[in-house]
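Residue numbers (full-length UniProt numbering): 1 to 158.
Rendered as structure tokens:
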């Protein structure tokens, strides 16, 4: 018998600690993602068993909410605002540039593991649209050139 991995132990600890909360599935999923950065597909069976749910029920919740990831995120997560204000100020053109530059779509990670791309629907920076967030940094009036400059600086810092 093999020893449980660190990932499995983390999932088991979180699930056990939160299983008695009302509506425990969402707090457990948030706890796992906050700890690991994603919800490993192999953890679905353990979560389901802990909560006496089917694997389909757990998987259904994970796949329904865009917030939850089932793959490890990149080193940097880029959140692109798609709200109306950003759209009015050119976010669709910026979105096409970002996807083309990175070679990925929303909910994907670059092959080198550096960047993940996620859509968001408001960053609270409407006066400076279009906006994006990378880590805790929010950028306003993002042009393709500004995006390229930020990505280049992040890539050079590694």
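All C-beta atoms, glycine included, are put in the ideal place defined by N, C-alpha and C.
Margin query: Here's the rule I'm using: 16 or more other beta-carbon atoms within 10 Å means buried, otherwise exposed. How should residue 76 be labelled?
Written below: Flag for residue 76 reads buried.
Notebook entry, point to check: For residue 9, does the count of other Cβ atoms within 10 angstroms reach 16, so buried, or fall short, so exposed?
Noted result: Exposed, because fewer than 16 other Cβ atoms sit within 10 Å of the Cβ of residue 9.
Notebook entry, point to check: Of the residues 26, 79, 128 and 122, which one's Cα is nearest the Cα of residue 109?
Noted result: Looking at the Cα atoms, 79 is the closest of the given residues.
Next item on the list: Find out if the Cβ-Cβ distance for the pair residue 50, residue 15 is shorter than 8 angstroms.
Entry: Their beta carbons are under 8 angstroms apart, which means residue 50 touches residue 15 by this criterion.
Next item on the list: May I ask you to report which of helix, strand or coil DSSP gives residue 2?
Entry: Residue placement at residue 2 is poorly supported in this model, since its pLDDT is 47, which falls under 50; the coordinates are not used for a value here.
Check: Candidates 99, 137 and 112: which alpha carbon is nearest residue 119's?
Finding: Looking at the Cα atoms, 99 is the closest of the given residues.
Note to self: Under DSSP, the alpha helix (DSSP H) around residue 86 begins and ends at which residues?
What the structure shows: According to the DSSP assignment, residue 86 belongs to the alpha helix (DSSP H) that extends over 84-88.
Notebook entry, point to check: For the segment 32-86, which segments carrying the beta strand (DSSP E) assignment without a break, of at least 3 residues, lie completely within its bounds, in sequence order?
Noted result: You should have 76-81.
Next item on the list: Use the C-beta contact count for residue 29: other C-beta atoms within 10 angstroms, 16 or more gives buried, fewer gives exposed.
Entry: Buried is the call here.
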